[in-house]
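In this note's numbering, the protein residues as written are 301 to 572.
For every residue, glycine included, the Cβ atom is placed at its ideal position computed from N, Cα and C.
Single-structure report; data block below.
Here's what the structure looks like:
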């Protein structure tokens with residue numbers, strides 16, 4: 301009798317084990333959007349360099365950020381974790397979807413204003429890189445009603461106009477001045493439109509480009525133009541700006557030369 305009971309017990313155990321093995325395994329829930337896969341190492345290298353260059357050229361300091369659209373998937377972009385730009389390394393670069401959700405945060409913090417980048421990439425398929433800065437010489441032009449205009453050929457990209465984004469108007473209420481939601485990011489993108497630069501009242505500016513070298517060039521010369529324009533206006537009320545046609549022609553002639561300042565600035569910034 302005991303022998304029969306043991307056989308029945310063992311048979312039941314085998315059946316239970318088989319049933320458990322036959323059950324579909326539960327897959328761990330994904331914590332973020334799917335990755336587009338590894339980005340081109342050259343793109344990562346250039347993104348790190350862009351952070352360093354913009355600090356070295358006085359556009360970024362402990363704040364501000366620069367991003368690049370993922371080379372393998374236009375619905376993803378790359379940006380560093382929340383860290384001072386001068387300290388960024390390749391290990392700090394994170395992947396985001398266009399809703400600005402991190403793909404693999406691994407405990408790394410994100411910039412509060414990452415929605416600037418995601419919403420601009422959504423609105424502008426032509427944009428491959430974005431800079432948000434608090435570039436000091438630019439700030440006065442966002443609060444005085446004096447338009448930022450191209451003063452010389454190096455800033456010809458300003459020729460299409462430089463609109464001012466007012467977060468108070470966009471939100472309909474008082475805020476901390478930060479673009480910390482997708483809705484505010486969309487409003488900023490609408491203000492920018494098809495242009496290269498938009499000012500942000502009482503805050504800074506946003507610059508877009510078709511590449512990291514181009515957006516860095518534009519970020520640097522937006523700051524330089526603002527400084528020179530203020531100096532020119534202090535000398536005379538009669539300042540001669542670039543005509544729109546002059547601006548278009550100057551921008552076309554400068555475009556092929558962008559590798560020249562990029563390589564110079566990169567070497568200087570990375571040597572420090």
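Sub-9 angstroms separation of residue 418 and residue 482 beta-carbons | yes
Contact under 9 angstroms by Cβ, residue 504 with residue 364 | yes
By a C-beta neighbour count over all protein chains shown, 10 Å radius and 16 as the cutoff for buried, is residue 566 buried or exposed?
-> buried
Is the Cβ-Cβ distance between residue 382 and residue 523 less than 9 angstroms?
-> no
State buried or exposed for residue 357, treating a residue as buried only when at least 16 other CB atoms are found within 10 Å of its CB.
-> buried
What three-state label does DSSP hand residue 380 in the structure shown?
-> strand
Cβ atoms of residue 351 and residue 388: under 9 angstroms apart, would you say?
-> yes
Cβ separation of residue 497 and residue 433, assumed to be a contact under 8 angstroms, to the nearest whole Å = That pair is no contact at about 11 angstroms.
Could you name the residues that DSSP lists as bridge partners for residue 433?
-> 505
Determine the extent of the alpha helix (DSSP H) in which residue 521 is found, giving its start and end residues.
-> 512-535
For residue 498, which beta-bridge partners are listed by DSSP?
-> 506
Is the stretch 452-472 close to the stretch 548-560, with three or more CB pairs under 8 angstroms?
-> yes
Ordered along the chain, which non-local residues of its own chain (more than five positions away) have a Cβ less than 6 angstroms from that of residue 328?
-> Legend: pLDDT at residue 328 = 40, less than 50; position of this residue unreliable, value from coordinates given subsequently. Once the five neighbours on either side are set aside, residue 328 has no close Cβ partner at all.
Can you say whether residue 476 is buried or exposed, counting buried as having 16 or more other CB atoms within 10 angstroms of its CB?
-> exposed
Looking at C-alpha atoms only, which residue of 570, 448, 491 is the closest neighbour of residue 529?
-> 448
Closest by CA to residue 292, which one among 416, 535, 516, 538?
-> Residue 292 is absent from the structure shown; the chain starts at 301 and stops at 572.
Specify the secondary structure class of residue 359 as computed by DSSP and reduced to three states.
-> coil
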